[in-house]
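S.K.: The following block contains the structure, expressed as structure tokens.
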Amino acid sequence: MPRHAVERLGTVTHLSILDETGAVDKALEPDIPETDLLEMHRAMLYGRCFDERMLKLQRQGRIGTFAPIKGQEAAQIGAAAHLRPSDWLVPSFREIAAQIWRGAKPRDIWLFAAGYNEGVAIPEDARDLPLCVPVATQLLHAAGVAYATKYRGEDDIVMTFHGDGATSEGDFHEALNFSGVLDLPVVFVCQNNQWAISLPLAKQTRSKTIAQKAVAYGIPGLRVDGNDILAVWVAAKEAVDRARNEQIPTLLECVTYRMEVHTTADDPTRYRTEDDVAPWRKRDPISRFETYLKAKGLIDDKTLKGMRETFRDALKHDWQETQERIEELDAGDPMGIFDALYAQDYPHITEQKAYFRERLKRERAHG
Amino acid sequence: MPRHAVERLGTVTHLSILDETGAVDKALEPDIPETDLLEMHRAMLYGRCFDERMLKLQRQGRIGTFAPIKGQEAAQIGAAAHLRPSDWLVPSFREIAAQIWRGAKPRDIWLFAAGYNEGVAIPEDARDLPLCVPVATQLLHAAGVAYATKYRGEDDIVMTFHGDGATSEGDFHEALNFSGVLDLPVVFVCQNNQWAISLPLAKQTRSKTIAQKAVAYGIPGLRVDGNDILAVWVAAKEAVDRARNEQIPTLLECVTYRMEVHTTADDPTRYRTEDDVAPWRKRDPISRFETYLKAKGLIDDKTLKGMRETFRDALKHDWQETQERIEELDAGDPMGIFDALYAQDYPHITEQKAYFRERLKRERAHG
Amino acid sequence: MAELTMIQAVNLAMREALAEDDAVILLGQDVGVDGGIFRATQGLIEDFGAARVLDTPLAEAGIIGMAVGMALNGMKPVAEMQFSGFSYQAFHQIENHVARFRWRTNGRFSVPMVIRMPYGAGVRALEHHSESREAYWAHTPGLKLVIPSGPIKARALLAAAIRDPDPVIFYEPKALYRAFKEDVPDVAEPIKIGKADVVRVGKDLTLIAYGAMLPRAVDAATKLAGDGIEAEVIDLMTISPLDEETIIQSVKKTGRAVVVHEASRSFGVGAELCARINDKAFFHLEAPVKRVTGYDIHPPFFAREQHYLPSVLRIYDEARETLTI
Amino acid sequence: MAELTMIQAVNLAMREALAEDDAVILLGQDVGVDGGIFRATQGLIEDFGAARVLDTPLAEAGIIGMAVGMALNGMKPVAEMQFSGFSYQAFHQIENHVARFRWRTNGRFSVPMVIRMPYGAGVRALEHHSESREAYWAHTPGLKLVIPSGPIKARALLAAAIRDPDPVIFYEPKALYRAFKEDVPDVAEPIKIGKADVVRVGKDLTLIAYGAMLPRAVDAATKLAGDGIEAEVIDLMTISPLDEETIIQSVKKTGRAVVVHEASRSFGVGAELCARINDKAFFHLEAPVKRVTGYDIHPPFFAREQHYLPSVLRIYDEARETLTI
Ligand SMILES: Cc1ncc(C[n+]2csc(CCOP(=O)(O)OP(=O)(O)O)c2C)c(N)n1
Ligand SMILES: Cc1ncc(C[n+]2csc(CCOP(=O)(O)OP(=O)(O)O)c2C)c(N)n1
Ligand SMILES: [Mg+2]
Ligand SMILES: [Mg+2]
């Protein structure tokens, strides 16, 4: 056998169930309870409204930079929908919808975005890591968290998110390799939104898909229409089940699109045109899902209008509360910046803290 | 097309031409000029003798730690044989045979191993980087060297070596990804010798082959019997030609075995048994090549004996010369340790150098 | 002569280098089509092409490792790290290789390259976008570390860095990118790497600063002048190798020194300045050298970052205190 | 009581921690079956199993990033870097996460973990196997940095590090691994992190050292004693946070200090010691604080590494010189 086959690598397929028009492939349609469908829809719509509101707050100068999620709601909710509370969510920096699904409070998200350390306020019982700015570094944490879970014999799994750009970092590679070789219950959800700031996918990698990168680690790779909540849900279920039952990690590529700016510091007109974006407007994950739900008789325009109004009022109220908290924090002292560096204060910190307290008085007296 | 194929990933094949017994697959046998065959054989045999000698020198305490190549001669020579002088060699730390093929001097290799900076003495016209200890870091240098070459419109290529363990490092991933997406003329030769110190391949990665890791970068991956010089030569030719003519990088996996200690600081009895090693003794790359050459009537036992004797004498002479050089260096002053930190000396270096010169006198006076 | 911000001056230096020498290449994330997230490379891909203003994948070790290879093969890469906070992904390439290639090969190979990175607080940015860890690079033999404090110097120093035969870390105080403009000359007046600049002459004490703290030190000196105190202000410009001579000369004259930096204090650049002054001007010192620095914590999220940074008032107060000793 | 080398003492501390607490896990390259390339983990996989003595793939960022995740989820990982020279591959995980998790989450999360790594010259090793860059870690807020100087202390300090609620860099002077043995007590006498040890009392000057330079400083003190000079010797043990009190108290008494380390001088740990002493004991100083350190180059290949390292004679000479001032 001079040139014999050693490993057949198979084929990357693209799963799509609910098409752009909202038409469903009956053969593939998953059997999701109606309440769950509605909950997912609610989360997606809320995510969209939250994002829009946040963008406004940023443009008004009330909060700092953040990464909008517009267009990526299905990828986040379809995947996170499978998590039990005792499972772990290890986000990157563009998963506000998933984080809210898991229980993150608008006030905390905004406080963080307004530059207050207090915004990183994860409840003691929540198994959510905070958002992670250094690209791809969180993927290794996900692997470590999963190792500990497995070590203790628990059947919780870890879901971690990352972008297409993140796949170029060494940490992505090391995280998938460790997870594969150590059989860790992790689901790597790639939101392939086609861009890493200004870099289109074709300049990020020569591989045609992200899913095929799984081959390097001997683990399954899946690719789905990331704007199709049903497809994401189905694929994520497969991945989550496999992680939970077989301790095999999966790389799940959700093909989606970043409809907004990269962050509010970014100006996409420098590197992409309306022609690039236009086709994706028709592929909006929420409107097609609504078409589906309407066809099922689960929602109508009136419900939708009502939901939007409820969200608007709630967000208004939440911002009110955030503002009050900000005022409260600004009126208080910022001594907290010295807290929690270590579990105990060492003398140099105590000394610097005392010095800082004196300086605060002096700087305030001075205006 | 709800679940449509996006990318067919193909199959990893294993190429073998000259089997363990020295029998050749006539259909695949490459047409290599006889002089080239003999030159390659000579280099492999010399590499083996050099390695054995070096191991002795180390055991006698005359030089420090190094990484023996025993068993990996075919992988190195079969690949490096395709390099033109103007091509680049970017080695890891276990390519003494390839480095000698390219012109490295025994004396310099030994001086380096004896702990003298002077050992890193690459001629001005040689396009060889020095050996590289931090695993996988050299792979990115190879990509950068290739970029510069391509940028200037030259058709030189870069061949870089690494181990199976190296494929776990982030730098491996980044190097292959950059090379793929930027269409760089690099050949990545993986000497998959089954071990990274004590770690067997199965604990290094869940992927069945190294070659399939190429899929992640959308570049060709090849796998060959790394103890079969003909197979390595054929596959490396394909890779080198593709790099030179099409600027497409290749990952070439040579399946081989580390017959010796990892380095002379290592004790393999702690993690592998004679049973692990035994099958590979029969797969020796040199003896099977010799069977082939004998069958072709190109060598006989007498030639071989003569070659070994010549090598032994030459190595003896080279060590003699090395020792003299070491004595010379030891008799001289070690002021050179301050040289070439920057292109110019800055005041703090000048000052420390002067101080050191004084200290030298004092320490020597003191004994 | 053009009125330029510091980021425009950085851009100008790169434009000039690209025009002058085909071996110069810029590489990094978003440096091409986007013109860099801070617009440092704006307009350059249009004029010099995508092969010389190279958009790379998202991988810092990749960028620096590639740049090492390019430099080994005759090019002069100028690599951009989007923020100093992400340069650590490339730390091994810098410590293992950038800093060592010339030395370990006895000069046979060298890696003339520049690594540009914005550092420091004050622009209301996200986590990991605000720290100052110049001490890491300063402590690494084989590297040079340069930090400009305004447009004219940024242009001249970056020009020098790109032409330097050795690797230079070019640490850009992002708070100054658009803080003020200066008349940048048509032809750069060269500034040598390894030299500090006495930006204000005085006899009562020496203020030593660099980067974004330099303007604050200058303001403090002005305030001191209002009290009749003549502070000498030194802009280090090159942090490593230090221009010891200029520093020692000044402190020998004034007998008092205050070092200002925004990096956290312990084991920071200020410590080395104290040590050098202690070593070479001990018997001229009338008071201990003071350090006015960031605290030994991480730079707080941006709502409180100004609390972390040495203020003009704090520099002034500490200088006054030094004078009472 | 057992006569142990330092590497055996390190092994003992890990064995005890594994036996005591199921949450403790060791991970790194070759730590399992091989027992570690220096044999630090020898015998542990046999007694505690492969899940707790985890052989990892060859990827340092992977090891540290995984350890962060483990620590976030209730474990106490002890990660080994084979040499400090390869810890830079993980620098971003350390700076971006290990050092920050508690602080940035206001204490909600913490990463109790130890990163062990052999450092320093003197064992005739290859390139990248001999440097001392402890200043990098010391300068990073949120980390602790501990360096033992012998078997008893190694065992006690590593025990303390593993039980510490915060991340500790445990920098092991590999030159001492097998340099001498000590009677290591059956039950560890605890040593607190953050405390220095006065290993020899004296009144004429203070020698401050740590790691592999400590024995040399002690020998120099012995030699000085032969001249009738009483040197106080301080073993720092914890480099960060520094035990300023012990240092300042000593220098106030002696009026003279010599700091010894093998790391290159500029921007090294010695600088911080100079700065602290300058700040807190300036008016007690009779002479400038001296630094006896490695030179500002890379540690030479091993044939010349001893030229680079401070010798006993050099420490002695510098101490004598300090006394003449
Ligand atoms: C290590 C690192 N390098 C650079 C950056 C700056 N940066 C932030 S987001 C981003 C692009 C990320 O692209 P992708 O992974 O596709 O995620 P997306 O933004 O599209 O969600 C970059 C370069 C960073 N945060 N971390
Ligand atoms: C970054 C880095 N980590 C760890 C080491 C220590 N080390 C030297 S060789 C080696 C194993 C390398 O395995 P492989 O890549 O398979 O090459 P081989 O030794 O088999 O030729 C290790 C872990 C190193 N040199 N560099
Ligand atoms: Mg993206
Ligand atoms: Mg190997």
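Chains as they are written, first to last, in our numbering: chain A, 1 to 367; chain B, 368 to 734; chain C, 735 to 1059; chain D, 1060 to 1384.
All residues carry an ideal CB built from backbone N, CA and C; glycine is no exception.
All of these numbers come straight from a predicted model, not from anything done at the bench.
Measuring CB to CB, does residue 1073/D end up less than 8 Å from residue 1103/D?
M.R.: For residue 1073/D and residue 1103/D, yes; Cβs fall inside 8 Å.
S.K.: Figure out for me which residue from 169/A, 341/A, 105/A has the closest Cα to the Cα of residue 321/A.
M.R.: The shortest C-alpha separation from residue 321/A is found at 105/A.
S.K.: What are the residues in the stretch 335-352 of chain A lying within 7 Å of chain D by C-beta distance?
M.R.: Taking 7 Å as the Cβ-Cβ cut-off against chain D, the residues of the stretch 335-352 of chain A that qualify are 339, 340, 341, 342, 343, 346, 347, 348.
S.K.: Applying a beta-carbon distance threshold of less than 7 Å, which residues of chain A neighbour residue 761/C?
M.R.: Within chain A, no residue comes near residue 761/C; the closest Cβ sits about 13 Å away, beyond 7 Å.
S.K.: Mind pulling the chain C residues with CB within less than 7 Å of residue 165/A?
M.R.: 792, listed in chain order.
S.K.: Any heavy atom of ligand 3 closer than 7 Å to the Cβ of residue 312/A?
M.R.: Not under cutoff, so the answer is no.
S.K.: Under the rule that 16 or more other beta-carbon atoms within 10 Å means buried, what is residue 1/A, buried or exposed?
M.R.: Low confidence applies here, because residue 1/A scores a pLDDT of 43, under 50, leaving its location unreliable; read the following figure in that light. Flag for residue 1/A reads exposed.
S.K.: With burial defined as no fewer than 16 other Cβ atoms inside 10 Å of the residue's Cβ, what is the status of residue 862/C: buried or exposed?
M.R.: The residue is buried, with at least 16 neighbouring Cβ atoms inside 10 Å.
S.K.: With DSSP as the reference, label residue 268/A as helix, strand or coil.
M.R.: Three-state result, residue 268/A: helix.
S.K.: Output needed for residue 889/C: all residues of its chain with C-beta closer than 6 Å, excluding positions within five of it in sequence on either side, in chain order.
M.R.: Closer than 6 Å at Cβ, skipping near neighbours: 743, 746, 747, 918, 922.
S.K.: Comparing alpha-carbon positions, which option in 962/C, 977/C, 739/C, 794/C lies nearest residue 944/C?
M.R.: Nearest option by C-alpha distance: 977/C.
S.K.: Could you have a look at residue 190/A and say whether DSSP puts it in helix, strand or coil?
M.R.: Three-state result, residue 190/A: strand.
S.K.: Could you pull out every unbroken beta strand (DSSP E) segment of at least 3 residues lying fully inside the stretch 113-196 of chain A, listed in chain order?
M.R.: DSSP runs (the beta strand (DSSP E)) wholly in the stretch 113-196 of chain A: 158-163, 186-192.
S.K.: Quick check on the contact list: which residues have their beta carbon closer than 7 Å to a heavy atom of ligand 3?
M.R.: Qualifying residues, in the order they occur: 163/A, 164/A, 165/A, 191/A, 192/A, 193/A, 194/A, 195/A, 196/A, 258/A.
S.K.: Taking residue 1040/C as the reference, which of 996/C, 775/C, 762/C has the closest Cα?
M.R.: That would be 996/C, whose Cα lies nearest to the Cα of residue 1040/C.
S.K.: Under 8 Å between C-beta atoms, does residue 828/C make it to chain A?
M.R.: False, the Cβ-Cβ gap to chain A never drops below 8 Å.
S.K.: In chain A, which residues lie less than 9 Å from residue 1253/D when you measure between Cβ atoms?
M.R.: By Cβ distance, chain A contributes 344, 346, 347.
S.K.: Is there a Cβ from chain C that is less than 8 Å from the Cβ of residue 515/B?
M.R.: Answer yes: the Cβ-Cβ gap between residue 515/B and chain C drops below 8 Å somewhere.
S.K.: Compute the Euclidean distance between the alpha carbons of residue 190/A and residue 171/A, then round it to the nearest angstrom.
M.R.: The straight-line gap from Cα to Cα measures roughly 14 Å.
S.K.: Count the other CB atoms, across all protein chains shown, that sit within 10 Å of the CB of residue 1384/D; report buried if there are 16 or more and exposed otherwise.
M.R.: Exposed: under 16 other Cβ atoms inside 10 Å.
S.K.: Does any CB atom of chain D fall closer than 8 Å to the CB of residue 1006/C?
M.R.: Yes, its Cβ sits closer than 8 Å to a Cβ of chain D.
S.K.: If residue 763/C sits next to residue 790/C, beta carbons under 8 Å apart, how far is it from one beta carbon to the other, in whole angstroms?
M.R.: Rounded, the Cβ-Cβ distance is 6 Å, consistent with contact.
S.K.: I'd like to know if residue 1073/D contacts chain C, where contact means its C-beta is closer than 8 Å to some C-beta of that chain.
M.R.: Taking Cβ atoms only, chain C never reaches closer than 8 Å to residue 1073/D, which makes this a no.
S.K.: With respect to 7 Å, is the separation between the Cβ of residue 1127/D and the closest non-hydrogen atom of ligand 1 below this value?
M.R.: Result no, Cβ not under 7 Å from ligand 1.
S.K.: Should residue 1344/D be listed as close to ligand 1, given that the test is whether its C-beta is under 7 Å from any heavy atom?
M.R.: Every heavy atom of ligand 1 is 7 Å or more from the Cβ of residue 1344/D, so no.
S.K.: Can you find a heavy atom of ligand 2 that lies under 7 Å from the Cβ of residue 1244/D?
M.R.: Result no, Cβ not under 7 Å from ligand 2.
S.K.: Near residue 76/A, which residues of its chain fall below 6 Å by C-beta distance, leaving aside the five closest residues on each side in sequence?
M.R.: Closer than 6 Å at Cβ, skipping near neighbours: 95, 97, 98.
S.K.: The beta strand (DSSP E) that contains residue 969/C, what's its start and end?
M.R.: Looking at the DSSP string, the run of the beta strand (DSSP E) that includes residue 969/C is 965-969.
S.K.: Quick one: is residue 91/A buried, meaning 16 or more other Cβ sit within 10 Å of its Cβ, or exposed?
M.R.: When all chains shown are included, residue 91/A counts as buried.
S.K.: Using 7 Å as the cut-off, classify the Cβ of residue 501/B as near or not near the heavy atoms of ligand 2, replying yes or no.
M.R.: Yes, the beta carbon of residue 501/B sits closer than 7 Å to at least one heavy atom of ligand 2.
S.K.: Residue 798/C versus chain A: which residues are under 7 Å apart at the beta carbon?
M.R.: Here the premise fails: no neighbours, minimum Cβ distance about 12 Å.
S.K.: Going by DSSP in three states, residue 456/B sits in which element: helix, strand or coil?
M.R.: Residue 456/B: strand per DSSP, three-state reduction.
S.K.: Pull up the distance between the alpha-carbon of residue 524/B and that of residue 770/C, whole angstroms please.
M.R.: Taking the straight line joining both Cα atoms gives about 31 Å.
S.K.: Quick one: grab the DSSP three-state call for residue 1340/D.
M.R.: Note: residue 1340/D maps to helix in three-state DSSP.
S.K.: Using a 10 Å radius around the Cβ and a threshold of 16 neighbouring Cβ atoms, would you call residue 1106/D buried or exposed?
M.R.: Exposed, since its Cβ has fewer than 16 Cβ neighbours within 10 Å.
S.K.: So, with DSSP's three-state summary, where would you put residue 1/A?
M.R.: With a pLDDT of 43 at residue 1/A, under the threshold of 50, the modelled position of that residue is not reliable, and the figure given next carries that caveat. Residue 1/A: coil per DSSP, three-state reduction.
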